[in-house]
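Asks: Protein chains in written order, with this note's numbering: chain A, 8 to 312; chain S, 8 to 312.
Heads up, the beta-carbon is just placed ideally off N, CA and C, and yes, glycines get one too.
Everything numeric in this text was worked out from a predicted model, so none of it was measured.
Number of protein chains: 2
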Amino acid sequence: MDEIKVLAPATVSNVVCGFDCLGFALETPFDEMTVRRISERAIRIVHHDGFGLPTDAEQNVAGVALQALINATELDHGFEVEITKHIKPGSGIGSSAASACGAVVAANHLIGERFTKLELVELAMAGEMLASGSRHADNLAPCIYGGFTLVRSTEPLDIVEIDFPPLYATVIHPQIEIKTSEARAMLPKDVPLREAVRNWSNLGSLVAALAKGDYGLIARSMVDTIVEPVRSSLIPKFDELKAASLAAGAIGGGISGSGPSVFMLSITHETAISVERAMHAVYSETGIPFNTYVSRIGHQGVRVA
Amino acid sequence: MDEIKVLAPATVSNVVCGFDCLGFALETPFDEMTVRRISERAIRIVHHDGFGLPTDAEQNVAGVALQALINATELDHGFEVEITKHIKPGSGIGSSAASACGAVVAANHLIGERFTKLELVELAMAGEMLASGSRHADNLAPCIYGGFTLVRSTEPLDIVEIDFPPLYATVIHPQIEIKTSEARAMLPKDVPLREAVRNWSNLGSLVAALAKGDYGLIARSMVDTIVEPVRSSLIPKFDELKAASLAAGAIGGGISGSGPSVFMLSITHETAISVERAMHAVYSETGIPFNTYVSRIGHQGVRVA
């Protein structure tokens, strides 16, 4: 096999009380990536989208991730990557993670599956380092494993797959810019122990509720008094979005990653569509351009097209 | 039915990374409590042990919990409680919780099961308030539900039962005094967000690992960099106890509640016995009197004898 096409899904990280560890995969949107073997020991990037992302492999998250894979093996050849991004860079739903994960999963297929999923996340982390400047795997893990994942530790990397019941996500991407570095800088350095306890009680409960398929408990556990109150100020009409979504039947939700996207979870596809309509109604008044997505939480990560 | 005898088990709270929310029930030790209906609308406490606990109902955790139950109903009678405590007060394995829970569960049997488990924990919390001065349910919940429980919230009370695989606890109770209030006062008021994230990542992972029965992940998740480093200084030879227990095959453990007891978890009963021997070896050198217990983690909470 000299060429393979994969679909790399968007992902939602943090998931309210799971700051910096929890994430899940969507089914749509996804990036399309075709990776082919080339005889020279080099990486060539071709973009078929209008986002103006760098094609210099050292400046491109897919390129950096592939270089990490090449360095970890003794390959005598290189790769060409054609990327059609459908996940907008900067949207907060794992655009750079999709590029990095799609590239290494595709290349791994071409070299005979030498790496485990865990190792692929480790390789893709090189790409995320370029994008965010820090060692994070909370979008990479669900992008490769699918479903809900929890990153227990990044050094050493330890990823836990969390069982979950059918769930549908409605995502709104307000087209404003929030730099991950700025969203990180505004977080408190210290938090009251009391609030930390409240958060880990909710996260432990959320993990148990997902595994049990207890929707009521999932809803009660999706509470964040540490990160959301600070970061939601960056997202116009965040509180209205949330209130309207809950009124439309969503069981909970919050900021996707460091924003600006906001996600809400629903038990059925129909409710998720109602939530989308409610989000439209709120955001139409702002004058800010926006996109919305409705997707089941996907059990698959990067998949062969 | 005018009289009932129940056994109220010891419990371990906090469970390393589950500070102030996680707990589990032991099978032994347990308190024996006989509760009988008396015609006057009063509470009488009789102790058959040598701990010198108060028999004035208003100063006794079982008495206060029973009073809460009487207040919540329209009972035209009272209760007499005979208590034989085997769980030493101040040992850090839920002695006061056992008294409070045993009393209300027994009384609830006598009045035709009017209260749910959740309501019984709520009633028993009145007793814990007397003992610890704060509204805590992390020993009460496992004492009534059995198994592993997580208290998501105390106001309103929300308790989550966590699935778990076979596990054996070895507990050592060094006979020194640690006041819960002092153990609480020494905790930091604020914690670095980075450490809080590490802790909730471990707790989320521990809950998932228990539900999956993944012993390796349980072991890796039992990490606490917030409370244990501070409180372990109150327990002579804590680090040696832990190291010797892990060397003997335990998969992890830490301080039980606010101490002084220390617990270690093992996959088999044989290993838990080896851990007990290792603890004996360490503690024999201290000159401090101590007890040890080996018990399966019990699926039952307070049970009829």
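1. Using DSSP with H/G/I as helix, E/B as strand and the rest coil, what is residue 169 of chain A?
2. Should residue 42 of chain S and residue 114 of chain S be called a contact, given that it needs their Cβ atoms to be closer than 8 angstroms?
3. In chain order, what residues of the same chain lie with their CB nearer than 7 angstroms to the CB of residue 139 of chain S, ignoring the 5 residues before and after it?
4. Can you find the residues in the same chain that come closer than 8 angstroms, C-beta to C-beta, to residue 159 of chain A, ignoring five residues on each side of it along the sequence?
5. Who are residue 40 of chain S's beta bridge partners in DSSP?
6. Hey, how far is the Cα of residue 288 of chain S from the Cα of residue 103 of chain A?
7. Under the three-state reduction of DSSP, which class applies to residue 34 of chain A: helix, strand or coil?
8. If we count the other Cβ atoms within 10 Å of its Cβ and call it buried at 16 or more, is residue 78 of chain A buried or exposed?
9. Use the C-beta contact count for residue 40 of chain A: other C-beta atoms within 10 angstroms, 16 or more gives buried, fewer gives exposed.
10. Could you confirm whether any beta carbon from chain S is found closer than 8 angstroms to the beta carbon of residue 237 of chain A?
11. Evaluate residue 180 of chain S with the Cβ neighbour count: other Cβ atoms within 10 Å of its Cβ, from every protein chain shown; 16 or more gives buried, anything less gives exposed.
12. Along the beta strand (DSSP E) that carries residue 245 of chain S, what are the first and last residues, could you check?
13. Decide if the region 233 to 241 of chain S is in contact with the region 238 to 250 of chain A; the criterion is three or more beta carbon pairs, one per stretch, under 8 angstroms apart.
14. Under 7 angstroms Cβ-Cβ, which residues of chain S neighbour residue 197 of chain A?
15. Can the beta-carbon of residue 215 of chain A be found less than 8 angstroms from the beta-carbon of residue 265 of chain A?
16. Around the C-beta of residue 58 of chain S, are 16 or more other C-beta atoms found within 10 angstroms, so that it is buried, or is it exposed?
17. Under 8 angstroms between beta-carbons, which chain A residues line up against residue 25 of chain S? List them in chain order, please.
18. What residues of chain S sit near residue 108 of chain A, judged by a beta carbon separation below 7 angstroms?
19. On the criterion of 16 or more Cβ atoms from any shown chain inside 10 Å, does residue 143 of chain S qualify as buried, or is it exposed?
20. For a cutoff of 8 angstroms on Cβ pairs, would you count residue 165 of chain A as touching chain S?
21. Mind listing which residues of the region 285 to 311 of chain A have their C-beta closer than 9 angstroms to chain B's C-betas, in chain order?
22. Just the Cα atoms here: how many angstroms apart are residue 5 of chain A and residue 268 of chain A?
23. Can you determine whether any heavy atom of the ligand FAD sits closer than 7 angstroms to the C-beta of residue 56 of chain S, and answer yes or no?
24. If we count the other Cβ atoms within 10 Å of its Cβ and call it buried at 16 or more, is residue 298 of chain S buried or exposed?
25. Cβ closer than 7 angstroms: which chain A residues qualify as neighbours of residue 169 of chain S?
26. Compare the Cα-Cα distances from residue 157 of chain A to each of S/209, S/203 and S/66 and report the closest residue.
27. Would the region 295 to 311 of chain A and the region 73 to 92 of chain S be scored as touching if the rule is three or more Cβ pairs under 8 angstroms?
28. Under 8 angstroms between C-beta atoms, does residue 20 of chain S make it to chain A?
29. To the nearest angstrom, report how far apart residue 273 of chain A and residue 225 of chain A are at their CA atoms.
30. Mind checking who residue 158 of chain S pairs with in its DSSP beta bridge?
31. Report the neighbours of residue 228 of chain A on chain S: residues whose CB is nearer than 8 angstroms to its CB, in chain order.
32. According to the neighbour-count rule (16 or more other Cβ atoms, all chains shown, within 10 Å of its Cβ), is residue 257 of chain A buried or exposed?
33. Using the three-state DSSP reduction, which class does residue 310 of chain A fall into: helix, strand or coil?
34. For residue 16 of chain S, count neighbouring C-beta atoms within 10 Å of its own C-beta (all shown protein chains included) and say buried if the count is 16 or more, exposed if not.
35. Threshold first: 3 residues or longer. Then list the beta strand (DSSP E) segments lying entirely within the region 179 to 226 of chain A, N to C.
36. In the region 102 to 132 of chain A, which residues sit with their C-beta less than 9 angstroms from some C-beta in chain S, listed in chain order?
Replies: According to the structure shown:
1. Here residue 169 of chain A is taken as the residue at index 162 of the first sequence, counted from 1. If DSSP states are grouped into helix, strand and coil, residue 169 of chain A belongs with the strands.
2. By 1-based counting over the second sequence, the position of residue 42 of chain S is 35. By 1-based counting over the second sequence, the position of residue 114 of chain S is 107. The answer is yes: Cβ separation under 8 angstroms.
3. For the purposes of this step, residue 139 of chain S is taken as the residue at position 132 of the second sequence. Closer than 7 angstroms at the Cβ level, and outside the excluded window around residue 139 of chain S, lie 187.
4. The count along the first sequence starts at 1 and reaches residue 159 of chain A at position 152. Closer than 8 angstroms at Cβ, skipping near neighbours: 28, 165, 166 and 167.
5. As a working mapping, residue 40 of chain S is identified with position 33 in the second sequence. Paired residues: S/13 and S/90.
6. Locating residue 288 of chain S in the second sequence gives position 281, counting from the first residue. Locating residue 103 of chain A in the first sequence gives position 96, counting from the first residue. When rounded, the distance between both Cα atoms is 54 angstroms.
7. Position 27 of the first sequence, counting from 1, holds the residue named residue 34 of chain A. DSSP places residue 34 of chain A in strand when its eight states are reduced to three.
8. In the first sequence, residue 78 of chain A corresponds to position 71, counting from 1. By the 10 Å Cβ count, residue 78 of chain A comes out exposed.
9. As a working mapping, residue 40 of chain A is identified with position 33 in the first sequence. Label assigned to residue 40 of chain A: buried.
10. Here residue 237 of chain A refers to the residue found at position 230 when the first sequence is read from its first residue. No, residue 237 of chain A lies away from the interface with chain S (no Cβ there is under 8 angstroms from its Cβ).
11. Within the second sequence, the letter at position 173 stands for residue 180 of chain S. The residue in question, residue 180 of chain S, is buried, as its Cβ has 16 or more Cβ neighbours within 10 Å.
12. Within the second sequence, the letter at position 238 stands for residue 245 of chain S. No beta strand (DSSP E) contains residue 245 of chain S, which is instead part of the alpha helix (DSSP H) from 245 to 254.
13. no
14. Locating residue 197 of chain A in the first sequence gives position 190, where the first residue counts as 1. The answer, in chain order, is 197, 198, 199 and 200.
15. Within the first sequence, numbered from 1, the residue matching residue 215 of chain A stands at position 208. Within the first sequence, numbered from 1, the residue matching residue 265 of chain A stands at position 258. No; because the gap between Cβ atoms is not below 8 angstroms, this pair is not in contact.
16. If you number the second sequence from 1, residue 58 of chain S lands on position 51. When all chains shown are included, residue 58 of chain S counts as exposed.
17. In the second sequence, residue 25 of chain S corresponds to position 18, counting from 1. Here the neighbours are 207 and 211.
18. Here residue 108 of chain A is taken as the residue at index 101 of the first sequence, counted from 1. Residues of chain S passing the Cβ test: none, with the nearest at roughly 20 angstroms.
19. If you number the second sequence from 1, residue 143 of chain S lands on position 136. Buried, by the Cβ-count rule.
20. If you number the first sequence from 1, residue 165 of chain A lands on position 158. Yes, its Cβ sits closer than 8 angstroms to a Cβ of chain S.
21. Judged by its chain identifiers, the structure shown contains no chain B, and its protein chains are A and S.
22. Absent from the structure is residue 5 of chain A, since the part of chain A shown begins at 8 and ends at 312.
23. Absent from the structure shown: the ligand FAD. Ligands present: none.
24. To locate residue 298 of chain S, count along the second sequence from 1; it is residue 291. Flag for residue 298 of chain S reads exposed.
25. As a working mapping, residue 169 of chain S is identified with position 162 in the second sequence. By Cβ distance, chain A contributes 215.
26. Numbered from its first residue, the first sequence carries residue 157 of chain A at position 150. For the residues S/209, S/203 and S/66, the minimum Cα distance to residue 157 of chain A belongs to S/209.
27. no
28. For the purposes of this step, residue 20 of chain S is identified with residue 13 of the second sequence, where counting begins at 1. Judged by the 8 angstroms Cβ criterion, residue 20 of chain S is not in contact with chain A.
29. Counted from its first residue, the first sequence places residue 273 of chain A at position 266. Counted from its first residue, the first sequence places residue 225 of chain A at position 218. The straight-line gap from Cα to Cα measures roughly 11 angstroms.
30. Position 151 of the second sequence holds residue 158 of chain S. In the DSSP output, where bridge partners are listed per residue, residue 158 of chain S has S/166.
31. On the first sequence, residue 228 of chain A is found 221 positions in, with the first residue counted as 1. Those are 159, listed as they occur along chain S.
32. The residue labelled residue 257 of chain A in the question sits at position 250 within the first sequence. Per the 10 Å Cβ criterion, buried.
33. Stepping through the first sequence from its first residue, residue 310 of chain A is reached at position 303. Residue 310 of chain A falls in the strand class under three-state DSSP.
34. The count along the second sequence starts at 1 and reaches residue 16 of chain S at position 9. Buried, by the Cβ-count rule.
35. 197 to 199
36. none
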